[in-house]
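Chemist: Offset between the sequence shown (1-based) and my numbering: plus 562.
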Amino acid sequence: MTPSATATPARATSPRAAVRPPSLLRTGLRLAEVRWALAALLLFLAGWTAQLLGAPAWVWWGLFLACYGTGGWEPALTGLRAARERTLDVDLLMIVAAIAAASIGQVFDGALLIVIFATSGALEAVVTQRTADSVSALLTLAPERAVRLRATAGGDREETVDTSELQVGDTVLVRPGERVGADGTVLDGRSEVDQQAITGESVPVPRSEGDEVLSGTINGTGALRVRVDRPAGESVIARIVTLVEEASATKAETQLFIERIEQRYSVIVVAATLLVLAVPLLLGEEFEAALLRAIVFMIVASPCAVVLSTMPPLLAAIANAGRHGVLVKSATVMEQIGRTDVVAFDKTGTLTRGEPRVTEVLPEAGRSVAEVLALAAAVERYSEHPLADAVRARAEEEGVDRVDARDFASLPGVGVSATVDGARVRVERAPTEPDGPASTRVVVSVNGRPAGRIVLADALRPEAARTVAEVGALTGGPVHLLTGDNHATAADIARATGIAHVRADLLPQDKAAAVKEMEDAGTRVLLVGDGVNDAPAMAAATTGVAMGRRGSDLALDTADAIIVRDDLTTLPRLTALSRRARRFVVANLCVAGTFIAVLVTWDLVGTLPLALAVAGHEGSTVVVALNGLRLLRARAWDR
């Protein structure tokens, strides 16, 4: 029995709308780390306000100590657990430094340190949970139910089952507008399937007997019988989820380079503090004097200035990038962007606009461009196909007169037809070869005779070629194109943008494998993409960057940075800004190291007054912080 054609418009929502994780606010409020950090911040602000207003000391001391408790208990617990495993965590050192500061009356400084660390931990927890939510939400791309066909003596019987129950060899019926419930092969029927969420192809692809369809893709206006080739747990969607989870877990080990030396630094500071306390006691010095010297040493040697050497430049760079339409999710990301060796681009929605546009109208003899456009637009008026949108848009741009059409009919997998001024007009997609031209052609015919052809293509972003050239010059490495489109389309885009390294016909797992291959060879990859199909590769890359306007929710949440306004020219500027921020970090570390060395030497060979120790320590902190904030200036982005 052959499924009947129907003109029912597609009922499915867009690929992006199908994946909607919880809001960022809801994600944050349900995390304990965020609630504790928020409480610590409020207590700190309350204590600071009370101190400035001249409230009794016990009031603001109490508020600051409460801040210690709410914001510091978790880092302290983490540090103690690490210590039990014979590992010295810098969080524990920060807690000890904060307590030491309070013990000599500098409770404000200690509370500020606690707030900084608690907020940093909360932000990391939000990003991690948000990505996990997006991975879970991805599963909604695949429908929960499917119509399975059972052969009986009286013909096929339909039964609605959970997609998880489908077995290899089962036959399912996919009606117009429904999502395909399993990876399989078309047995009967003709339609067009929107695969952009999975493969990144900009227009729906024709599917008929013998063609493969993928779970989660959207069927067009024809009905399809599909033989299940893979169980739900092995579908493309399931593999995307697995790839993102695995790559994200590996990527979580990436740290700021300052964090990579924190273990040794912490051990040295603790050991040195104990020596500063013990040696004078062994030489007969009084306990109070030895303890004061040790506390002073702990303060001047504490890594506050070192931590601030890193964070202000990177945070200022993040803020500057944000003002120019780029959201960078963490200081770690901002630091690693500047270390990129190779930039790789997705095609559809990244280098291109991700939607077809009319590039050429070729009328037959005796017809005009306006006439062909008017006929096509009249027929396409009732169609929801992306190609129809492009034809109507071009007709409006050209100002052609609107012509009324009647008796509209959809021709599943072929095109549409209608009656215009008494003549039957058909708009049909011309056959294309797998490795054919990088465009789509439709034929407009009147009463069976060709009236003209319309050529449509996914338009290249005007800034794409310039961006490719600039990022290639910055990184010194070859720029790559990784796409699910065919080789001809990929080659056409590569020629237009100057990209030499091209890989086409890639499924999501293929993209991730290509990125992992480069990463395993020691190449730090920055991948720019926008779709669900790009998410595994983004997670596998050192840095993932998503296009904000068209990006799927999974891509936006998996990415480390988001180009909010889809302006590719911001990418080379972001890379240059990241490199500048890293230079500021190195300069700050030199300044902080010099202050620490001078103050520590003074404390060890002489007597460093406590007030001067605090002033020197805080002074170095202020110096490195102000130096880092220079990256907030507008010219730091422009040059």
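Quick reminder that beta carbons are idealized off the backbone N, C-alpha and C, glycines included.
Keep in mind it's a predicted model, so treat the numbers as computed, not measured.
Under 9 angstroms between the Cβ atoms of Ala684 and Leu593?
Modeler: Here residue 684 refers to the residue found at position 122 of the sequence shown. Here residue 593 refers to the residue found at position 31 of the sequence shown. Against a cut-off of 9 angstroms, the Cβ pair of Leu593 and Ala684 comes out as a contact.
Chemist: Starting from the C-beta of Gly634, find all residues in its chain whose C-beta is less than 6 angstroms away, skip the five residues before and the five after it, and write them out in chain order.
Modeler: Numbered from its first residue, the sequence shown carries residue 634 at position 72. Excluding positions up to five away in sequence, the list reads Ile657, Ile676.
Chemist: Provide the residue span of the alpha helix (DSSP H) that contains His1049, from first to last.
Modeler: By 1-based counting over the sequence shown, the position of residue 1049 is 487. Unbroken alpha helix (DSSP H) run through His1049: 1049–1059.
Chemist: What's the C-alpha gap between Leu749 and Thr1131?
Modeler: As a working mapping, residue 749 is identified with position 187 in the sequence shown. As a working mapping, residue 1131 is identified with position 569 in the sequence shown. Near 46 angstroms, if we compare the C-alpha coordinates of Thr1131 and Leu749.
Chemist: Specify the secondary structure class of Lys813 as computed by DSSP and reduced to three states.
Modeler: Counting from one through the sequence shown, the residue named residue 813 turns up at place 251. The predicted model places Lys813 with a pLDDT of 48, which falls under 50 and marks its position as unreliable; any figure quoted below should be read in that light. The answer is helix: DSSP assigns Lys813 an H, G or I state.
Chemist: Would you identify the three-state DSSP class for Asn882, choosing helix, strand or coil?
Modeler: As a first step, residue 882 must be located in the sequence shown, where it is residue number 320. Three-state result, Asn882: helix.
Chemist: For Asn781, which residues does DSSP report across the bridge?
Modeler: Your numbering for residue 781 matches position 219 in the sequence shown. Bridge partners of Asn781 according to DSSP: Val755.
Chemist: Along the chain, where does the beta strand (DSSP E) containing Leu604 start, and where does it finish?
Modeler: Sequence index remark: in the sequence shown, residue 604 carries index 42 (1-based). Premise fails: Leu604 lies in the alpha helix (DSSP H), 594–614, not in any beta strand (DSSP E).
Chemist: Just reading off the beta strand (DSSP E) that Arg523 is part of, what are its end residues?
Modeler: Here the chain has residues from 563 to 1201 only, and residue 523 is not among them.
Chemist: What residue range does the beta strand (DSSP E) around Val904 cover?
Modeler: As a first step, residue 904 must be located in the sequence shown, where it is residue number 342. From DSSP, the beta strand (DSSP E) with Val904 extends over 904–907.
Chemist: Give every residue of the same chain whose Cβ lies closer than 8 angstroms to the Cβ of Ala601, excluding the five residues on either side of it in the sequence, and list them in chain order.
Modeler: Position 39 of the sequence shown, counted from the start, is the residue given in the question as residue 601. Cβ neighbours of Ala601 beyond the five flanking positions: Thr632, Gly633.
Chemist: Going by alpha carbons, who is nearest to Gly984 out of Asp969, Glu990, Pro974?
Modeler: What you label residue 984 is simply residue 422 of the sequence shown in a count that begins at 1. Measuring from the Cα of Gly984, the nearest candidate turns out to be Asp969.
Chemist: By the three-class DSSP mapping on this structure, what secondary structure does Glu942 have?
Modeler: Within the sequence shown, residue 942 is the residue found at index 380, counting from 1. Glu942 falls in the helix class under three-state DSSP.
Chemist: For Arg1112, name the three-state secondary structure that DSSP assigns.
Modeler: Residue 1112 sits at position 550 when you count from the first residue of the sequence shown. If DSSP states are grouped into helix, strand and coil, Arg1112 belongs with coil.
Chemist: At a cut of 8 angstroms, does the region 1147–1156 reach the region 900–909 through at least three beta carbon pairs?
Modeler: no
Chemist: If you compare alpha carbons, which of Gly1060, Ala863, Ala1099 is closest to Glu1079?
Modeler: Residue 1079 sits at position 517 when you count from the first residue of the sequence shown. For Glu1079, the nearest C-alpha among the options comes from Ala1099.
Chemist: Between Val1107 and Ala1154, is the Cβ-Cβ spacing less than 9 angstroms?
Modeler: Here residue 1107 corresponds to residue number 545 of the sequence shown, with the count starting at 1. Here residue 1154 corresponds to residue number 592 of the sequence shown, with the count starting at 1. No, the pair does not count as a contact, with Cβ atoms beyond the cut-off.
Chemist: Suppose contacts are defined by Cβ-Cβ distances below 9 angstroms. Is Leu853 in contact with Val1126 by that definition?
Modeler: Translated into the one-based positions of the sequence shown, residue 853 becomes position 291. Translated into the one-based positions of the sequence shown, residue 1126 becomes position 564. Against a cut-off of 9 angstroms, the Cβ pair of Val1126 and Leu853 comes out as no contact.
Chemist: Measure how close the beta-carbons of Leu1136 and Ile899 come, nearest whole angstrom, since I'm counting them as under 8 angstroms.
Modeler: As a position in the sequence shown, residue 1136 is number 574, starting the count at 1. As a position in the sequence shown, residue 899 is number 337, starting the count at 1. Confirmed, about 6 angstroms.
Chemist: To the nearest angstrom, report how far apart Pro738 and Gly784 are at their CA atoms.
Modeler: Against the sequence shown, residue 738 aligns to sequence position 176. Against the sequence shown, residue 784 aligns to sequence position 222. C-alpha separation (whole angstroms): 5 angstroms.
Chemist: Pull up the DSSP beta-bridge partners for Ala1019, would you.
Modeler: Indexing the sequence shown from 1 puts residue 1019 at position 457. In the DSSP output, where bridge partners are listed per residue, Ala1019 has Arg919.
Chemist: Pull up the CB-CB distance for Val1030 and Gly1010, whole angstroms please, since I reckon it's below 8 angstroms.
Modeler: For this step, residue 1030 is matched to residue 468 along the sequence shown. For this step, residue 1010 is matched to residue 448 along the sequence shown. Actually they do not touch by this definition, with Cβ atoms about 46 angstroms apart.
Chemist: Of all Cβ atoms in chain B, is any one closer than 9 angstroms to the Cβ of Arg646?
Modeler: No chain B is part of this structure, which consists of one protein chain only.
Chemist: By how many angstroms is the C-alpha of Ala1143 removed from the C-alpha of Ala1013?
Modeler: As a working mapping, residue 1013 is identified with position 451 in the sequence shown. As a working mapping, residue 1143 is identified with position 581 in the sequence shown. Taking the straight line joining both Cα atoms gives about 60 angstroms.
Chemist: Tell me the rounded alpha-carbon separation between Leu1091 and Arg826.
Modeler: By one-based count along the sequence shown, residue 1091 stands at place 529. By one-based count along the sequence shown, residue 826 stands at place 264. It is worth fixing the name first, because residue 1091 is Gly in this sequence and not Leu. Cα to Cα, the separation comes out at about 38 angstroms.
Chemist: Decide if Ile830 is buried, meaning its Cβ has at least 16 other Cβ atoms within 10 Å, or exposed.
Modeler: Along the sequence shown, one-based indexing puts residue 830 at 268. Burial call: exposed.
Chemist: Determine the direct distance from the alpha carbon of Asp1115 to that of Leu674, and round the result to whole angstroms.
Modeler: Counting from one through the sequence shown, the residue named residue 674 turns up at place 112. Counting from one through the sequence shown, the residue named residue 1115 turns up at place 553. Answer to the nearest angstrom: the Cα atoms are 35 angstroms apart.
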